[in-house]
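Enquirer: Below is a structure I'd like to ask you about.
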Amino acid sequence: MTKSIVLQMEGIRKVFGTVVALDDVNLQLNSKEIHGLLGGNGAGKTTLMNVLFGLYKPNAGKVELHGEKVEIRSPKDAINNEIGMVHQHFLQVDSYTVTENIVLGTELKSWPTLKLEVEADQIRALSEKFGLAVDPDTIMSDLPIGVRQKVEILKALYRGVEVLILDEPTTNLTPQEVDDLFESLRVMVDEGLSIVFITHKLREVMSVCDKITVLRDGQNVLTEDRENVTEKSLVKAMVGEGLNVEESVVFSSVVSGAETRWGASEFGEPVVKVEGLHAQNEDSIVVIKDCTFEVRQKEILGVAGVAGNGQQALAECLMGVCPIHQGSVIVDGMNVSETETRDLLEGGVAYIPQDRLLDGFLPTASVAHNLILGYQRNQAYSNKGFLDWKIIFQSARQQIDEYTIMTPSAGDVAANLSGGNIQRVMLARAFAHPSSFLIAHNPTRGLDIRSIDFVYKKLFERKEAGAATLLISEDLDELFRMCDRIATIYSGEIVGILEKGEFDKYEIGRMMSGVKAND
Amino acid sequence: MDEFIPQFVGFARLVVLAIVPFVLASQGTMLGGRTGLFNVAQEGIMLLGASLGFLGAYLYGGLGYGVLLAVFSGAIAGLALAYFTTTLKMNQFVIGLAIFFFTMGLSTLFYKFVVGVTLQPPLIPTLQDLPIPVLSQIPVLGEIFFNQNSMVYFAILFSLFLYYLLYKTSFGLKLRAVGENPKAADSLGVNVDRMRYFTAIVGGMLMGLAGAYLPMVYTGTFTAGMVQGRGWIAIALTFFGGWSPGLILLGSLFFAGVEVLALRIQVGGFGIPYQFLLMLPYLATILTMIFAFKWIKAPAFLGQNYDREKRSLS
Amino acid sequence: MTDTNISTNSKAKAIAAIVLPYLLAILASFVASGIFIAIMGFNVPKAFATILFTSFRTPNGFIQTLLKFIPLMLQALAFTVPLAAGKFNIGGEGQLIVGGIGATAVGIIFADLPLPILLPLVILAGVIFGGFWAAIPAWLLYRFGINEILTTVMMNFVSFGLIDYVATQIWRDPAAGHPTTIPIGAGGELPMLISSPPLHSGIILAIIVAVGVYIYTNRTSAGYELIATGANPRASKVYGINTRKMFLLSLIIGGGLAGLSGAIEVAGYQHRLIEGLQSNFLLLGLIIGLIAKGDNSAVPFVAFFIAVLEIGASAMQRTMMIPVEMVFIVEALVLLFVLLSDVIRRR
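These protein sequence lines map, in sequence, to chains A, B and C. Start counting the first sequence at 194; every next residue gets the next number (our numbering). Start counting the second sequence at 42; every next residue gets the next number (our numbering). Start counting the third sequence at 1402; every next residue gets the next number (our numbering).
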């Protein structure tokens, strides 16, 4: 079977300010192919596809479809050229129905009432054909994340795309949902689609892709058929010479075959005791239900779950931010419901929030301002209510060096930082002060492989020094690698806790969708 | 009873007459807001509309000229808002305030340049009532709704048209999507910038028209303080009406009602110092906000600019 | 590395980077408004000479400028302090009026008290009344989450009725043609620094307050919390700052500052309450605050510049018959070009 070339991207270059995000990148997509676009964060995968979809204007390079040069200046052009994209962060109007979201921007037949019955029927037919079960009449905000992703795919299919781009589509799915997705992808390819599959996960490219392109630092590193590569060769391509793969935590399982060689298993006294915790949000909706667990010294307790199942509320309950409705939380001897967040921070609780832009970052203030957020009344930085800027800047410069935060100076406005560097500010802030308990919520999101390794080593250092850690993550691989126990949260409830050694992807996947451990 | 009905009709008729500036300015605010563009220059744009509306009629001897000038100035103000916020990505509130300053200054400046300082302010003829045949003969309702000036009819019909446009057309589906999630709309080929320019300009036109109503219907003259906070109240009305054209039309009855009521009590005496009656509309506005901010949901991206190439940092 | 060299050099560069856009903005706005003035048929060089130099030609001009500078700077701070916490206080004139009412009430009721007691009371009453007037929108924001822009503006209109009531009903001065109260006690008047042309000591008070505000926002932990709240309320809350309290506090401080400006107008300038004492200070205060980009250390300088323009504009209207509103356009243009310089730098 000879395959014809559908899409050709040549010499693509994209510069953001002074940062070269893509440097002379090529990509060739054959018809009926699932093409894996692999690389760490900051490798340029999403940027390349945003160029293809007309969201970014490239500084150089050309795009050809079926051998003919096309100009794609906006998503509209991309759609007209039968290119569709499913973004990692879903682009949906929460207050619209599924149908409204899907048909938005297309020619509608339902004039003049906007009832959209014809369109809804079409969507039903499509979702059946590709195994993407969705009710078209539901309001978007009522849907769980897994279903929302199906809507994103249907959006593209409804427009009759030939090339479908999927950006990290498995991030928010349970292992079972991932399997279902892969099946749907096969159906699409059989129907004649060609798919670009962006991911940073080796296992996924190996299991679903026909061909693999690896990007690193905005450059092509490798393009091969799947049959011709191994996980090891891909790792090498992803990280380059800079990282000692043998020493890395990230690739420990790939290299040595063992899960991990880090972490002693002699735990100390419980640092955190959570008992019968109930919490409600501002709209009086229950966000945490009857949670009970402990975190001990020298222990990393993982929390698995699909995003939006109460992870943030849990973290914020432990931080004293979200009010505790019932039950008790004791952290290092402090009763959280009677302690101000500020005193918790001073008393040795550190926090890495998941949404760094929303929950941890002061864009209009300086980098130095950002590094002391929450510690502005700490004796190290202030005296009788007056700030000592000299010392603040000194320690800021130190942290900028240690955490390789790329900024012209500590006084520079923080809005100029890139995503990865903002994350490093979050890490520096959390690790700079001695803490007996750390809550880390997706601490490695947006980091390149080397920085991820740095974070993992920091976490293990803390562990060896006797500190307790709660690692909340949507990345199961990360949890398996790092944790001594994994609790799974569903709809605000801890469904079950597994010990190291009993970790099982599908077992946790079942719990992630609400099935109790012993059902 | 015999006395009550004519009194009520007279009162209700005045209320309907008084909704126009509120409705027009508020629908203009709503339109922009529905695409995420929050105009806060109503007070200034209305004042400029009042000034130019007056001057157009004064100079060229026809209210139509005044209306044209007022609408045109509003369009320019809206265009400026769209350009600085949508194309140049500058802060919407700051630009809104800047436009407020400009329009405030220009309104008096134009007036002084054209009319100068006079002992007796010149007058323009006010807008005539235009009773609608047959309908105006309906008892009670006819007098209240169908024996008004043409701008009253326009304000009501345009509100209904906006409702249809926003909720029953594919264009409205796109327009609202831009205010709820511009990136989603953009990724589906909706031109976010063009939509924002459109609503800003049309919104500005409505505000200019709202301003022109004041000299053309109420006073026949222009004075620097004549808008009296109606522009700000229009923002309040927009929240009160839940950013929806139909409810804004209904809600305007309340704001206009308080305005007319305050004047009525003043004339009637009742021993309350008139200063406190003058406060009524503003106090009532604050009061309604307590309810509005509890119930309503503003467009999700209200007041936020959209930059396609801004790298998502998370 | 030659550290010192680099730092002086970069410091000079940093200052140039701040000042240059302002100068260019002023130049551009003068060119733009000059064209407008020329079209209207006026003598452009003479108009600008009047606008710029009236303040510096005579001692009286300079003192007038300083007297204008006091309320303008305080009004601007009444806007920028809440702005630091991300809140827009558009109620400065209402807070000024009510502060003025408070100061006048105390000055009239306790007219017989000696200066060392009455003057502080008068000033304090202005601050407290102004703070109270801002506390109403602040509380509505705190309790119900109501947008403060709307409520602060509404409170301005409410205060117009209030001052009219006070000046025509409670303490009306029957001899005055315009709504005015009787004078406050002599002990409530701010002492004069210079008697002719008269300059009262309110200027010292205003400068002390400006320095105090700068220290508070830039040098203290409490000020840090204010700024952090403005930069990202959600993150500040997560990291233990009581942001709702910050909103409340910042608006009340703003109201206090505006109230102070009212008290100084009464105690220093008018010695009684005159309807309309708020002039157009609110709008000018907003313009100053925005031109200063909310930076409290820049506010006094910008306020002085605007005071110079305002004094020049009155002279221009007197001598050349160009309406004073012309200078308002100039000021708005300066603001616009200062904002635009940021956009250009971003690219």
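A virtual CB, placed ideally from N, CA and C, is assigned to each residue, including glycine.
Could one say the Cβ of residue 514 of chain A lies closer than 8 Å to chain C's Cβ atoms, at least one of them?
Expert: Start at 1 with the first residue of the first sequence, and residue 514 of chain A comes out as number 321. Yes, residue 514 of chain A lies at the interface with chain C (some Cβ there is under 8 Å from its Cβ).
Enquirer: Taking 8 Å as the CB-CB cut-off, is residue 320 of chain B touching chain C?
Expert: Taking the first residue of the second sequence as 1, we reach residue 320 of chain B at position 279. Yes, residue 320 of chain B counts as interfacial toward chain C.
Enquirer: I'd like to know if residue 143 of chain B contacts chain C, where contact means its C-beta is closer than 8 Å to some C-beta of that chain.
Expert: Counting from one through the second sequence, the residue named residue 143 of chain B turns up at place 102. Yes - at least one Cβ of chain C is within 8 Å of the one on residue 143 of chain B.
Enquirer: In the DSSP assignment, what residue or residues form a beta bridge with residue 228 of chain A?
Expert: Residue 228 of chain A sits at position 35 when you count from the first residue of the first sequence. A:389, A:404.
Enquirer: Based on Cα-Cα distance, which residue from B:68, B:182, B:95 lies nearest to residue 274 of chain B?
Expert: Within the second sequence, residue 274 of chain B is the residue found at index 233, counting from 1. If we check each option's Cα against that of residue 274 of chain B, B:68 comes out closest.
Enquirer: Between the Cα of residue 237 of chain B and those of B:151, B:158, B:75, B:323, spot the shortest distance and give me the residue it belongs to.
Expert: Reading the second sequence from its first residue, position 196 is the one you call residue 237 of chain B. Measuring from the Cα of residue 237 of chain B, the nearest candidate turns out to be B:75.
Enquirer: Compare the C-beta of residue 288 of chain A against all C-beta atoms of chain B and say whether one is closer than 8 Å.
Expert: Locating residue 288 of chain A in the first sequence gives position 95, where the first residue counts as 1. Closer than 8 Å to some Cβ of chain B, the Cβ of residue 288 of chain A qualifies, so yes.
Enquirer: Mind listing the chain C neighbours of residue 156 of chain B? Cutoff is C-beta to C-beta under 9 Å, in chain order.
Expert: The residue labelled residue 156 of chain B in the question sits at position 115 within the second sequence. By Cβ distance, chain C contributes nothing, its closest Cβ being about 11 Å from residue 156 of chain B, past 9 Å.
Enquirer: Shorter than 8 Å from the beta carbon of residue 1628 of chain C to some beta carbon of chain A?
Expert: On the third sequence, residue 1628 of chain C is found 227 positions in, with the first residue counted as 1. With 8 Å as the cut-off, residue 1628 of chain C counts as an interface residue toward chain A.
Enquirer: Starting from residue 482 of chain A and walking both ways along the alpha helix (DSSP H), at which residues does that stretch end?
Expert: Numbered from 1 along the first sequence, position 289 holds the residue referred to as residue 482 of chain A. Taken as a continuous stretch (DSSP letters only), residue 482 of chain A belongs to no alpha helix (DSSP H), being part of the beta strand (DSSP E) at 479 to 489.
Enquirer: Can you name the residues of chain B whose CB is closer than 9 Å to the CB of residue 306 of chain A?
Expert: Within the first sequence, residue 306 of chain A is the residue found at index 113, counting from 1. Identification of chain B residues near residue 306 of chain A by a Cβ-Cβ cut-off of 9 Å yields 209, ordered along the chain.
Enquirer: Find the residues of chain C that neighbour residue 570 of chain A, judging by a C-beta separation of less than 8 Å, and give them in chain order.
Expert: By one-based count along the first sequence, residue 570 of chain A stands at place 377. The answer, in chain order, is 1622.
Enquirer: To the nearest angstrom, how far is the alpha carbon of residue 652 of chain A from that of residue 497 of chain A?
Expert: Here residue 652 of chain A corresponds to residue number 459 of the first sequence, with the count starting at 1. Here residue 497 of chain A corresponds to residue number 304 of the first sequence, with the count starting at 1. The alpha-carbon atoms of residue 652 of chain A and residue 497 of chain A are separated by roughly 17 Å.
Enquirer: With DSSP as the reference, identify every bridge partner of residue 630 of chain A, one or two as the case may be.
Expert: The residue labelled residue 630 of chain A in the question sits at position 437 within the first sequence. BP columns for residue 630 of chain A point to A:542, A:661.
Enquirer: From B:287, B:312, B:270, B:341, pick the residue whose C-alpha is nearest to that of residue 1491 of chain C; which is it?
Expert: Counted from its first residue, the third sequence places residue 1491 of chain C at position 90. Here the closest residue by C-alpha is B:270.
Enquirer: Report the residues of the region 269 to 291 of chain B with a CB closer than 7 Å to any CB of chain C, ordered along the chain.
Expert: 270, 273, 276, 277
Enquirer: Near residue 451 of chain A, which residues of its chain fall below 6 Å by C-beta distance, leaving aside the five closest residues on each side in sequence?
Expert: For the purposes of this step, residue 451 of chain A is identified with residue 258 of the first sequence, where counting begins at 1. With a pLDDT of 46 at residue 451 of chain A, under the threshold of 50, the modelled position of this residue cannot be trusted, and the question is left open.
Enquirer: How would you label residue 246 of chain B, buried or exposed, when you count the other beta carbons within 10 angstroms and need 16 or more for buried?
Expert: Translated into positions along the second sequence, residue 246 of chain B becomes position 205. By the 10 Å Cβ count, residue 246 of chain B comes out buried.
Enquirer: Over what stretch of residues does the beta strand (DSSP E) that includes residue 1349 of chain C continue unbroken?
Expert: Only positions 1402 to 1748 of chain C appear in the structure, and residue 1349 of chain C is not among them; the question remains open.
Enquirer: Residue 339 of chain A touches chain C at which residues, Cβ-Cβ below 8 Å?
Expert: Counting from one through the first sequence, the residue named residue 339 of chain A turns up at place 146. Within chain C, no residue comes near residue 339 of chain A; the closest Cβ sits about 27 Å away, beyond 8 Å.
Enquirer: Following the continuous beta strand (DSSP E) through residue 463 of chain A, name the residue where it begins and the one where it ends.
Expert: The sequence position of residue 463 of chain A within the first sequence is 270, counting from 1. Residues 463 to 473.
Enquirer: Using CA atoms only, rank isn't needed, just tell me which of C:1662, C:1412, C:1649 is closest to residue 1540 of chain C.
Expert: By 1-based counting over the third sequence, the position of residue 1540 of chain C is 139. Selected option, being the one with the closest Cα: C:1649.
Enquirer: Go through the region 528 to 572 of chain A residue by residue and report every complete run of the alpha helix (DSSP H) that reaches 4 residues or more, in order.
Expert: 534 to 539, 549 to 552, 560 to 564
Enquirer: Of all the options A:431, A:568, A:610, which has the alpha carbon lying nearest to the alpha carbon of residue 626 of chain A?
Expert: Residue numbering aside, residue 626 of chain A sits at position 433 when the first sequence is read from its first letter. Out of A:431, A:568, A:610, A:568 has the C-alpha closest to the C-alpha of residue 626 of chain A.
Enquirer: With DSSP as the reference, please indicate the residues paired to residue 689 of chain A in a beta bridge.
Expert: In the first sequence, counting from the first residue as 1, residue 689 of chain A sits at position 496. Answer by DSSP bridge pairing, in chain order: A:681.
Enquirer: Assuming residue 330 of chain A and residue 313 of chain A form a contact by the criterion Cβ under 8 Å, report the distance between their Cβ atoms to the nearest whole angstrom.
Expert: Working through the first sequence from its first residue, we reach residue 330 of chain A at position 137. Working through the first sequence from its first residue, we reach residue 313 of chain A at position 120. Confirmed, about 7 Å.
Enquirer: Cutting at 6 Å between CB atoms, please list the residues of its own chain near residue 1487 of chain C, excluding the five before and the five after it.
Expert: Sequence index remark: in the third sequence, residue 1487 of chain C carries index 86 (1-based). Within the same chain, residue 1487 of chain C has close Cβ partners 1631.
Enquirer: Are residue 1500 of chain C and residue 1659 of chain C close, meaning C-beta to C-beta below 8 Å?
Expert: As a position in the third sequence, residue 1500 of chain C is number 99, starting the count at 1. As a position in the third sequence, residue 1659 of chain C is number 258, starting the count at 1. Yes, they are a contact pair.
Enquirer: Suppose you measure from the CA of residue 340 of chain B to the CA of residue 307 of chain A; what does that come to, to the nearest Å?
Expert: Along the second sequence, read from residue 1 onward, the residue named residue 340 of chain B stands at position 299. Along the first sequence, read from residue 1 onward, the residue named residue 307 of chain A stands at position 114. Distance between the alpha carbons of residue 340 of chain B and residue 307 of chain A: 20 Å.
Enquirer: Please report the straight-line C-alpha distance between residue 688 of chain A and residue 706 of chain A, rounded to a whole angstrom.
Expert: As a working mapping, residue 688 of chain A is identified with position 495 in the first sequence. As a working mapping, residue 706 of chain A is identified with position 513 in the first sequence. Residue 688 of chain A and residue 706 of chain A: Cα-Cα distance of roughly 10 Å.
Enquirer: Count Cβ pairs between the region 56 to 63 of chain B and the region 288 to 296 of chain B that sit closer than 8 Å; are there 3 or more?
Expert: yes
Enquirer: Which class does residue 313 of chain B belong to by DSSP, given the choice of helix, strand or coil?
Expert: Taking the second sequence and counting its residues from 1, the one referred to as residue 313 of chain B is at position 272. It is coil, neither helix nor strand.
Enquirer: Determine, using beta carbons only, whether residue 1733 of chain C comes closer than 8 Å to chain B.
Expert: For this step, residue 1733 of chain C is matched to residue 332 along the third sequence. Closer than 8 Å: yes.
Enquirer: Does the region 379 to 399 of chain A come close enough to the region 202 to 213 of chain A that 3 or more CB-CB pairs lie under 8 Å?
Expert: Judged by Cβ distances under 8 Å, the region 202 to 213 of chain A makes no contact with the region 379 to 399 of chain A, as fewer than three pairs qualify.
Enquirer: Relative to chain C, which residues along the region 566 to 591 of chain A have a C-beta separation below 7 Å, given in chain order?
Expert: 566, 567, 569, 570, 575, 578, 579, 580
Enquirer: Measuring CA to CA, which of C:1606, C:1715, C:1599, C:1732 is closest to residue 1688 of chain C?
Expert: Taking the first residue of the third sequence as position 1, residue 1688 of chain C is located at position 287. Residue 1688 of chain C has its Cα closest to that of C:1732, out of C:1606, C:1715, C:1599, C:1732.
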